[in-house]
Amino acid sequence: AQQADDWGMIWQAVPDVDFDAHWRGKAAQLAAGPTAAYAEAKKAIRASWDNGLEDQLSLEAEAQGRCGKSHDFAEGVAAFTQKRSPKFEGR
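Going left to right, the sequence shown walks through residues 53 to 143 as our numbering numbers them.
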């Protein structure tokens, strides 16, 4: 795994003894993020396989509109302007 990491074939190699704690931490980090925005991005990525450019751009614009009206967006902006960490709620 280390060689694959060195060659840039994988994102990150983690020693076996650290694996569980490392990835539980990564999962917690993602769960504390803007999960509704993650879901919108995931939908857009999946749709991109079947959409033409115009349809995809429209779908992404709609998703950005929904995200821009979300509580998490407002929280992110407030946290940024107040120089603090955001507390996202997934809505």
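In this text, a Cβ means the ideal position worked out from N, Cα and C, and glycines have one as well.
Legend entry - Alpha carbon of F71 to alpha carbon of C119, nearest angstrom: Against the sequence shown, residue 71 aligns to sequence position 19. Against the sequence shown, residue 119 aligns to sequence position 67. Roughly 33 Å between the two C-alpha positions.
Legend entry - Through-space distance from G104 to P67, alpha-carbon basis: As a working note, residue 67 is residue 15 in the sequence shown. As a working note, residue 104 is residue 52 in the sequence shown. C-alpha separation (whole angstroms): 42 Å.
Inset, instruction - For the alpha helix (DSSP H) holding P129, just list the boundary residues, first then last. - result: Within the sequence shown, residue 129 is the residue found at index 77, counting from 1. One point to set straight first is that residue 129 is Val, not Pro, in the sequence displayed. Element bounds for V129: H123 to T133.
Legend entry - Exposed unless 16 or more other CB atoms sit within 10 angstroms - verdict on F132: Taking the first residue of the sequence shown as 1, we reach residue 132 at position 80. The residue is exposed, with fewer than 16 neighbouring Cβ atoms inside 10 Å.
Inset, instruction - On a CA-only basis, which of Q55, A126, K135 and A73 is nearest G35? Give me that one, please. - result: A query on residue 35 cannot be resolved here, the shown segment of the chain reaching from 53 to 143 and no further.
Inset, instruction - Verify whether the separation of the beta carbon atoms of A80 and D124 is less than 8 Å. - result: Position 28 of the sequence shown, counted from the first residue, corresponds to residue 80. Position 72 of the sequence shown, counted from the first residue, corresponds to residue 124. No, the pair does not count as a contact, with Cβ atoms beyond the cut-off.
Legend entry - Coarse secondary structure for E141, derived from DSSP in three states: To locate residue 141, count along the sequence shown from 1; it is residue 89. The answer is coil: DSSP assigns E141 none of H, G, I, E or B.
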